[in-house]
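Here the protein sequences line up with chains A, B, C and D, keeping their order.
Residue numbers for the first sequence follow the UniProt record's numbering, so the first one is 1 and each next one is one higher.
Residue numbers for the second sequence follow the UniProt record's numbering, so the first one is 1 and each next one is one higher.
Residue numbers for the third sequence follow the UniProt record's numbering, so the first one is 1 and each next one is one higher.
Residue numbers for the fourth sequence follow the UniProt record's numbering, so the first one is 1 and each next one is one higher.
Number of protein chains: 4
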Amino acid sequence: MNKRELILEATLDLITEHGFHATPMSMISKKAKVAAGTIYHHFENKEILLEALYTESKGKMGRAMQLATVNGENYEADYKSIWISLFIFYADNSKTFQFLEQYAQSPFIRKETKEEQRKHYQPIIDFLGQGIRKGYLKSIDVEILTEMVHGTVVSAAKIFHQQKELSKIAINELAQFAWQAAKA
Amino acid sequence: MNKRELILEATLDLITEHGFHATPMSMISKKAKVAAGTIYHHFENKEILLEALYTESKGKMGRAMQLATVNGENYEADYKSIWISLFIFYADNSKTFQFLEQYAQSPFIRKETKEEQRKHYQPIIDFLGQGIRKGYLKSIDVEILTEMVHGTVVSAAKIFHQQKELSKIAINELAQFAWQAAKA
Amino acid sequence: MNKRELILEATLDLITEHGFHATPMSMISKKAKVAAGTIYHHFENKEILLEALYTESKGKMGRAMQLATVNGENYEADYKSIWISLFIFYADNSKTFQFLEQYAQSPFIRKETKEEQRKHYQPIIDFLGQGIRKGYLKSIDVEILTEMVHGTVVSAAKIFHQQKELSKIAINELAQFAWQAAKA
Amino acid sequence: MNKRELILEATLDLITEHGFHATPMSMISKKAKVAAGTIYHHFENKEILLEALYTESKGKMGRAMQLATVNGENYEADYKSIWISLFIFYADNSKTFQFLEQYAQSPFIRKETKEEQRKHYQPIIDFLGQGIRKGYLKSIDVEILTEMVHGTVVSAAKIFHQQKELSKIAINELAQFAWQAAKA
DNA sequence: TATGAATGAGGATTCATTCAT
DNA sequence: GATGAATGAATCCTCATTCAT
């Protein structure tokens, strides 16, 4: 594992535990077992380190959603498959989830960066747009609908991380919750 | 307006804008037009100031929900009324909303404080519990259901604050979204 | 007990425990069960409070030494009696002793105050001067001799306070030590 | 001269002049011509800086006493030689002397540190213990005797620093004072 | 006299960043 | 690239003192 990775990993760990401003660079360098100056060879400054972490995290999230088995035959099944894929990603990557939740809306990340990373939601927006047009889903503004549906995954993930357990049945119930919410 | 109030208000303003660690006490004292030391007469330290703000904010939220017109005749109508009451509170109190969202899960607020403030959700938990027992709502664990329903209000409020506008119709659509999600 | 006394007592207690600068006026006011402002009705400021304590302490010490039974018949006995009187005062008034030791040489007390309180040593200086002239004691400069003899009492008191015990025999041995040191 | 030394030296100068709490770290950094933060690279905090100074000072004192010419042939001569060595150290190192006097019993230095530095007295304790066993000295508890004898050096050093002069003859008289005090 | 809330200058400490090695 | 000592501005907090009641 190269130093860049080590630094990013340490940053994720520490930032989810203490928050951005309560995580000194010295703490990151210690956890990553790297000299303080080394961080600055890989990241111009602390803000840029954070943005890099944000970009990486969003990328991982995007890739996770592409793992959903979407075959186009049964809209409801595809919808739930995507929902569950994202849920599982959030469930399996607790720190990345927390980081994205806490920092997505924080003033630490520049708007441009946030905008740029919206691309990862595009496939979903498209999928939900299709569902609306085909009459499977409520005809609400697609951006709004996307936000609402995503919100259900986030809520489910929060519950999961609070309880450290959630049966398969329960997960399917929550997917069903999300489906009934959105369906026409 | 007494100094304690002035300090809390300044803190809410600044903390939602810059975040906890990026808001120096000096900035709060300047905004509140109070000497730095005065803050420490009212709040032992910065952390406790934050906790006080959290407690106050949760209290306001609790009071807002009690304004919902619940007459017990039509469960769906009552459900939507509560949903909309909370939504309106979040919509009208943008900063309080942001603050609660940012710090609800942060490590800055002690678990005990968080637990104690859960009391404000109790009426809703009861209301939803009733709905489950009477067969109006899905029979999911009531705590989980509460979290999921609350999540829909949060998502709606986020959309509202991003767009700075949301028609009455749209709001009713989102309440409908939340109702269909939860109903049996 | 009037407030002035209460304040002085609290100051002595706290200052010996924490030191002058580590004893805030607020701590004194709390311990004395008096409002912060009240201290300033009795003492112009912190420095003057300290000086008042110094003056009172030196006065007590002076009075203690006058309790020695000096009958002028046996010089050695009188010498030891004075020595033991002072030792007992230091032993019985642990805090006053510590305070005088720690602050006598500190920069906190003005030279004039210190000079003025030297008067309490005058009887001893006279007594030792007599001893020198009569050939009972070494013919060393009387101020120096006084300092050296006083040093033996201080050392003995420190030992006492460290050990919290010192038999009568041991005390007499130390008085004997002090006598042999000084005698011609 | 490395920064650590510069800091310790500046601390000694300032602390003896103003006292611990009246010596801000900023003042030390200025006097040592070092950035404020640099102090914290070498000493965890102000207290630990003080402890380090204490340890160094005691070490110097210990080394000074080992310079005494002790040949074991004449106990009285050896005793006086040690006494004078320590006196000269205290006389030549006015600030170290003041510092040790002021902080030896203060609450700023932890008991463990104090205990550990007692090792520097061990050679003297041994020397006096021998003197007691061989009948040269009073049979007083050796720790008590050590303290009393040390007290005579301290008193002599105080006199020296007050007067800024003390003839060789006077010094020998004081060593004689200390010898007669302790001898059997 | 007595009170204690309010003040704000001052102090300990932290931490992002630099730079000589 | 990698190191980590050094920097010093910025931050939290303290505390002597004042003053309206």
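We treat Cβ as the ideally placed atom computed from N, Cα and C, and that holds for glycine.
Report task. With a cut-off of 8 Å on the beta carbons, I'd call Lys-80 of chain B and Ala-175 of chain B a contact; round off their distance for me. Result -> For the purposes of this step, residue 80 of chain B is taken as the residue at position 80 of the second sequence. For the purposes of this step, residue 175 of chain B is taken as the residue at position 175 of the second sequence. Confirmed, Cβ separation roughly 5 Å.
Query raised in the report: How should Lys-134 of chain A be labelled, buried or exposed, when 16 other C-beta atoms within 10 angstroms of its C-beta is the threshold for buried?
Result: The residue labelled residue 134 of chain A in the question sits at position 134 within the first sequence. Lys-134 of chain A should be labelled exposed.
Query raised in the report: Going along chain C in order, which residues have a C-beta closer than 7 Å to the C-beta of Gly-135 of chain D?
Result: Residue 135 of chain D sits at position 135 when you count from the first residue of the fourth sequence. Simply none; closest approach about 16 Å.
Report task. Answer yes or no: does any C-beta atom of chain B fall closer than 7 Å to that of His-21 of chain A? Result -> Translated into positions along the first sequence, residue 21 of chain A becomes position 21. With 7 Å as the cut-off, His-21 of chain A counts as an interface residue toward chain B.
Query raised in the report: Taking the DSSP output, what are the residues bridged to Lys-183 of chain B?
Result: Residue 183 of chain B sits at position 183 when you count from the first residue of the second sequence. According to DSSP, Lys-183 of chain B bridges with B:Leu-137.
Requested in this report: Determine the extent of the alpha helix (DSSP H) in which Ile-15 of chain A is found, giving its start and end residues.
Outcome: Here residue 15 of chain A corresponds to residue number 15 of the first sequence, with the count starting at 1. Run containing Ile-15 of chain A: 3-18, per the alpha helix (DSSP H) assignment.
Query raised in the report: Should Ser-155 of chain C be flagged as near chain D, meaning a C-beta pair shorter than 7 Å?
Result: Start at 1 with the first residue of the third sequence, and residue 155 of chain C comes out as number 155. True, the Cβ-Cβ gap to chain D drops below 7 Å.
Query raised in the report: If the cut is a Cβ gap below 9 Å, which residues of chain B does Lys-138 of chain A touch?
Result: In the first sequence, residue 138 of chain A corresponds to position 138, counting from 1. Near Lys-138 of chain A (Cβ distances below 9 Å), the residues of chain B are Glu-173, Gln-176, Phe-177 and Gln-180.
Query raised in the report: Does the Cβ-Cβ distance between Ile-109 of chain B and Tyr-40 of chain B come in under 7 Å?
Result: On the second sequence, position 109 is the one that residue 109 of chain B refers to. On the second sequence, position 40 is the one that residue 40 of chain B refers to. No.
Query raised in the report: Of all the CB atoms in chain A, is at least one closer than 7 Å to the CB of Ile-132 of chain B?
Result: The residue given as residue 132 of chain B occupies position 132 in the second sequence. False, the Cβ-Cβ gap to chain A never drops below 7 Å.
Query raised in the report: Alpha carbon to alpha carbon, what distance is there between Ala-170 of chain D and Ile-140 of chain C?
Result: Mapped onto the third sequence, residue 140 of chain C falls at position 140. Mapped onto the fourth sequence, residue 170 of chain D falls at position 170. If I take the Cα positions, the gap works out to 8 Å.
Query raised in the report: Would Lys-138 of chain D be called buried (16 or more neighbouring beta carbons within 10 Å of its own) or exposed?
Result: Taking the fourth sequence and counting its residues from 1, the one referred to as residue 138 of chain D is at position 138. Its Cβ being crowded by 16 or more others within 10 Å, Lys-138 of chain D is buried.
Query raised in the report: Straight-line CA distance for Leu-8 of chain B to Glu-165 of chain A?
Result: The sequence position of residue 8 of chain B within the second sequence is 8, counting from 1. The sequence position of residue 165 of chain A within the first sequence is 165, counting from 1. Cα to Cα, the separation comes out at about 38 Å.
Requested in this report: Find the residues of chain A that neighbour Ser-106 of chain B, judging by a C-beta separation of less than 9 Å, and give them in chain order.
Outcome: Within the second sequence, numbered from 1, the residue matching residue 106 of chain B stands at position 106. Chain A residues near Ser-106 of chain B: Gly-19 and Gln-102.
Requested in this report: Note down, in chain order, every chain C residue with its Cβ under 9 Å from the Cβ of Ile-147 of chain D.
Outcome: For the purposes of this step, residue 147 of chain D is taken as residue 147 along the fourth sequence, with counting starting at 1. Rather than Ile, the amino acid found at residue 147 of chain D in this sequence is Glu. Per Cβ cutoff of 9 Å: Ser-155, Ala-156, Lys-158, Ile-159 and Gln-162.
Query - Segments assigned alpha helix (DSSP H), at least 4 residues, entirely inside the region 43-129 of chain D - result: 46-65, 75-92, 94-103 and 111-117
Requested in this report: State yes or no: is the beta carbon of Ile-144 of chain B nearer than 7 Å to at least one beta carbon in chain A?
Outcome: Looking up residue 144 of chain B in the second sequence gives position 144. By this cut-off, Ile-144 of chain B is an interface position.
Requested in this report: Name, please, each residue of chain B whose Cβ falls closer than 9 Å to the Cβ of residue 195 of chain A.
Outcome: An answer regarding residue 195 of chain A cannot be provided, because it is not within the stretch 1 to 184 covered by chain A.
Query raised in the report: Less than 7 Å separating the beta-carbons of residue 206 of chain D and Leu-12 of chain D?
Result: The requested residue 206 of chain D does not occur in the structure, where chain D is confined to residues 1 to 184.
Requested in this report: Output the distance between the C-alpha atoms of Leu-67 of chain B and Ser-85 of chain B, rounded to the nearest integer angstrom.
Outcome: Residue 67 of chain B sits at position 67 when you count from the first residue of the second sequence. Residue 85 of chain B sits at position 85 when you count from the first residue of the second sequence. Their backbone Cα atoms lie some 7 Å apart in a straight line.
Query raised in the report: Are the Cβ atoms of Ser-57 of chain C and Phe-99 of chain C separated by less than 7 Å?
Result: Position 57 of the third sequence, counting from 1, holds the residue named residue 57 of chain C. Position 99 of the third sequence, counting from 1, holds the residue named residue 99 of chain C. Going by C-beta atoms, Ser-57 of chain C is nearer than 7 Å to Phe-99 of chain C.
Query raised in the report: Using DSSP with H/G/I as helix, E/B as strand and the rest coil, what is His-41 of chain D?
Result: Translated into the one-based positions of the fourth sequence, residue 41 of chain D becomes position 41. Residue state, collapsed to three classes: helix.
**Report entry** Euclidean distance between Cα positions of Phe-22 of chain A and Arg-118 of chain D
**Finding:** Position 22 of the first sequence, counting from 1, holds the residue named residue 22 of chain A. Position 118 of the fourth sequence, counting from 1, holds the residue named residue 118 of chain D. Checking the displayed sequence, the identity of residue 22 of chain A turns out to be Ala instead of Phe. Each residue's Cα considered, the two are about 42 Å apart.
Report task. Look up Lys-168 of chain D in the DSSP assignment and say whether it is helix, strand or coil. Result -> To locate residue 168 of chain D, count along the fourth sequence from 1; it is residue 168. Residue state, collapsed to three classes: helix.
Requested in this report: Count the other C-beta atoms from every protein chain shown that fall within 10 angstroms of the C-beta of Gly-19 of chain D, then say buried if there are 16 or more, exposed otherwise.
Outcome: For the purposes of this step, residue 19 of chain D is taken as residue 19 along the fourth sequence, with counting starting at 1. Label assigned to Gly-19 of chain D: buried.
**Report entry** Three or more C-beta pairs below 8 Å linking the region 116-131 of chain C and the region 146-154 of chain C
**Finding:** yes
Requested in this report: Compare the Cα-Cα distances from Val-153 of chain C to each of C:Gln-122, C:Lys-111 and C:Phe-97 and report the closest residue.
Outcome: Reading the third sequence from its first residue, position 153 is the one you call residue 153 of chain C. If we check each option's Cα against that of Val-153 of chain C, C:Phe-97 comes out closest.
Requested in this report: Classify Ala-104 of chain C as buried or exposed, calling it buried when 16 or more other Cβ atoms lie within 10 Å of its own Cβ.
Outcome: Locating residue 104 of chain C in the third sequence gives position 104, counting from the first residue. Classification for Ala-104 of chain C: exposed.
Report task. Compare the beta carbon distance of Arg-42 of chain B and Ser-94 of chain B with 7 Å and say whether it is the shorter of the two. Result -> Taking the first residue of the second sequence as position 1, residue 42 of chain B is located at position 42. Taking the first residue of the second sequence as position 1, residue 94 of chain B is located at position 94. A quick correction: the sequence has His, not Arg, at residue 42 of chain B. Result no, Cβ atoms of His-42 of chain B and Ser-94 of chain B do not sit closer than 7 Å.
Query raised in the report: Considering His-150 of chain C, what are the terminal residues of the alpha helix (DSSP H) in which it resides?
Result: As a working mapping, residue 150 of chain C is identified with position 150 in the third sequence. Here the alpha helix (DSSP H) through His-150 of chain C covers 142-163.
Query raised in the report: Is Ala-181 of chain B closer than 7 Å to Ala-181 of chain A when the C-beta atoms are compared?
Result: Reading the first sequence from its first residue, position 181 is the one you call residue 181 of chain A. Reading the second sequence from its first residue, position 181 is the one you call residue 181 of chain B. Closer than 7 Å, so yes.
**Report entry** Straight-line gap, Ala-157 of chain C to His-120 of chain C (C-alpha atoms, nearest Å)
**Finding:** Start at 1 with the first residue of the third sequence, and residue 157 of chain C comes out as number 157. Start at 1 with the first residue of the third sequence, and residue 120 of chain C comes out as number 120. Straight-line Cα distance between these residues: approximately 19 Å.
Query raised in the report: Quick one: is Glu-51 of chain A buried, meaning 16 or more other Cβ sit within 10 Å of its Cβ, or exposed?
Result: Numbered from its first residue, the first sequence carries residue 51 of chain A at position 51. Glu-51 of chain A is buried by the Cβ-count criterion.
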